[in-house]
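Those protein sequences? They're chains A and B, same order as listed. Under UniProt numbering, the residue at position 30 of the first sequence is numbered 30, and the numbers go up by one with no gaps. Under UniProt numbering, the residue at position 13 of the second sequence is numbered 13, and the numbers go up by one with no gaps. All C-beta atoms in this analysis are idealised placements derived from N, C-alpha and C, irrespective of residue type, glycine included. A quick write-up on the structure given underneath.
There are 2 protein chains.
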Amino acid sequence: MANRKVAGPEIERLIQLLARLPGLGPRSARRAALHLIKKKDQLLVPLADAMGVAVEKVGVCSVCGTVDTSDPCTICCDDGRDPSLLVVVEDVADLWALERAGVLNARYHVLGGTLSPLDGIGPEDLNIASLVERVRNGAIGEVILAVNATVEGQTTALYVTDQLAGLDVTVTRLAHGVPVGGELDHLDEGTLAQALKARTRF
Amino acid sequence: MANRKVAGPEIERLIQLLARLPGLGPRSARRAALHLIKKKDQLLVPLADAMGVAVEKVGVCSVCGTVDTSDPCTICCDDGRDPSLLVVVEDVADLWALERAGVLNARYHVLGGTLSPLDGIGPEDLNIASLVERVRNGAIGEVILAVNATVEGQTTALYVTDQLAGLDVTVTRLAHGVPVGGELDHLDEGTLAQALKARTRF
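Set out below in structure tokens:
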């Protein structure tokens with residue numbers, strides 16, 4: 001806060017930890033801490049409880065690699081999902097984003113990152129072997145590679161495709177093109193080129 | 001998240017509670033929750049602990065009305081501060097902001113809001129009686145009314161001044177004027193008028 005102390009070290013520590021959350025800076029962390037303290041019963045107590053529960057219960061699903069409070073996770077246990085459709089994502093955040101889109105009724109496989117030789121991340125650091133195993137053993141008809149449209153994402157997709165070659169499965173990837181609501185004027189040349197190449201009949 | 005569940009209710013609840021923090025919306029709350037879960041040992045565990053400590057220890061100082069883990073608070077117990085200088089603020093956030101400015105070496109009195117007849121907030125809802133008592137009993141030479149430059153703040157300042165009339169104390173208020181770094185072109189007429197009226201010799 002300042003050089004002089006305005007409150008006990010416990011409050012300073014709470015502010016410092018809150019400031020490490022994405023989206024909160026030092027200033028908003030102070031505001032959040034004060035808000036929590038003022039709304040002790042309505043917010044601080046329940047949030048402390050919820051975090052305690054998360055500490056205790058949250059883990060990684062041994063089947064798909066997402067985070068959940070049960071193992072296998074909620075999605076892997078959901079019998080209402082199509083067992084033949086498997087969506088491969090880099091990260092849990094991508095899984096959540098795709099679920100919000102609400103188009104698919106599939107299961108997922110979280111790689112846990114992308115191949116990045118410069119950062120020392122090789123195939124053995126990602127959940128690729130377990131993906132191949134899952135496809136080999138399961139009744140999976142299609143694997144959708146829903147990775148980011150970055151160099152690392154596409155490199156990883158290529159590698160995964162290679163690993164799945166020879167197995168009886170169709171491998172697909174997301175369409176590239178103009179984002180819904182996007183203005184051509186603001187798009188980069190690469191996206192426009194892809195959108196033109198992949199044009200469809202009106 | 002979506003109509004279909006992608007994780008156990010404990011994670012959903014964590015996200016919902018995080019979304020109630022100022023500065024975090026539903027989207028950033030999801031990001032924060034995922035960040036916490038991924039950084040379990042480095043962030044989630046310490047933050048849950050810090051919140052637990054706050055739940056247990058944080059309270060309101062019986063002397064000045066700020067929040068702290070001790071009563072009387074860190075500031076009220078700080079012998080290095082000038083006991084004759086008392087700064088009256090609306091809220092704990094204002095106290096913290098003034099301490100960051102680092103100009104004063106004073107003690108504080110937190111009113112806990114402003115007079116607002118429309119919202120049913122009268123003098124008895126604020127820490128005004130305790131302020132008068134403190135000034136009457138203490139060796140306080142100057143009371144600085146550091147309230148917001150809003151109608152409610154100024155009304156409250158007037159009322160407090162009235163209550164302190166007759167006591168042997170100088171009551172002062174913050175200067176109005178051009179904010180440091182401010183451009184005249186962007187300032188409202190009221191601020192400019194005050195800055196002109198209170199002009200000082202160069």
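C-beta neighbour in chain B for residue i, strict 8 Å
i	result
residue 47 of chain A	yes
residue 109 of chain A	no
residue 37 of chain A	yes
residue 57 of chain A	yes
residue 53 of chain A	yes
residue 70 of chain A	yes
residue 1 of chain A	Annotation note: pLDDT 41 at residue 1 of chain A (below 50); position unreliable, coordinate value reported separately. Output row for residue 1 of chain A: interface = yes.
Contacts that residue i makes with chain A (C-beta to C-beta distance below 8 Å)
i	result
residue 31 of chain B	22, 23, 93
residue 67 of chain B	7, 11, 34, 37, 38
Neighbouring residues, chain B, relative to residue i (Cβ below 9 Å)
i	result
residue 28 of chain A	21, 22, 23, 24
residue 75 of chain A	4, 5, 6, 7
Within chain A, partners of residue i - CB distance below 9 Å
i	result
residue 43 of chain B	17, 20, 21
Any non-hydrogen atom of the ligand ATP closer than 7 Å to residue i Cβ
i	result
residue 156 of chain B	Within the structure as shown, the ligand ATP is missing, as the structure has no ligands at all.
Contact list for residue i against chain B, beta-carbon separation under 8 Å
i	result
residue 50 of chain A	10, 13, 14, 17
Proximal chain B residues relative to residue i, where beta-carbon distance stays under 7 Å
i	result
residue 4 of chain A	99
residue 130 of chain A	Ordered by position in chain B, no residue passes the 7 Å Cβ test against residue 130 of chain A, which lies about 19 Å from the chain.
Listed by chain order, chain A residues near residue i by CB distance under 7 Å
i	result
residue 34 of chain B	92, 93
C-beta neighbour in chain A for residue i, strict 8 Å
i	result
residue 84 of chain B	no
residue 62 of chain B	no
Rounded Cβ spacing between residue i and residue j (contact assumed at less than 8 Å)
i	j	result
residue 87 of chain B	residue 144 of chain B	5 Å
residue 22 of chain A	residue 31 of chain B	5 Å
residue 90 of chain B	residue 190 of chain B	That pair is no contact at about 20 Å.
residue 134 of chain B	residue 109 of chain B	7 Å
residue 62 of chain B	residue 72 of chain B	7 Å
residue 161 of chain B	residue 169 of chain B	The Cβ separation is near 10 Å, so there is no contact.
residue 104 of chain B	residue 127 of chain B	Incorrect: roughly 19 Å between the Cβ atoms, too far for contact.
residue 99 of chain A	residue 4 of chain B	7 Å
residue 167 of chain B	residue 51 of chain A	About 48 Å; that fails the 8 Å criterion.
residue 34 of chain B	residue 24 of chain A	Not really, about 14 Å apart at Cβ, beyond 8 Å.
residue 132 of chain B	residue 85 of chain B	17 Å between Cβ atoms; not a contact.
Closest Cα partner of residue i within the set the options
i	options	result
residue 37 of chain B	A:93, A:146, A:111	A:93
residue 204 of chain A	A:186, A:84, A:69, A:116	Outside the shown range of chain A, which is 1 to 202, sits residue 204 of chain A, and nothing can be said about it.
residue 59 of chain B	A:39, A:58, A:70	A:39
residue 178 of chain A	A:172, A:196, A:170, A:161	A:196
residue 107 of chain B	B:25, B:64, B:24, B:113	B:64
residue 6 of chain A	B:68, B:26, B:131, B:122	B:68
residue 41 of chain A	B:34, B:55, B:149	B:55
residue 200 of chain B	B:188, B:138, B:114, B:175	B:175
residue 44 of chain A	B:27, B:186, B:16	B:16
residue 194 of chain A	A:53, A:164, A:165, A:149	A:149
residue 95 of chain B	B:146, B:114, B:118	B:146
residue 114 of chain B	B:79, B:85, B:137, B:159	B:159
residue 173 of chain B	B:130, B:20, B:48, B:142	B:142
residue 155 of chain A	A:121, A:78, A:202, A:84	A:121
residue 151 of chain A	A:11, A:202, A:118	A:118
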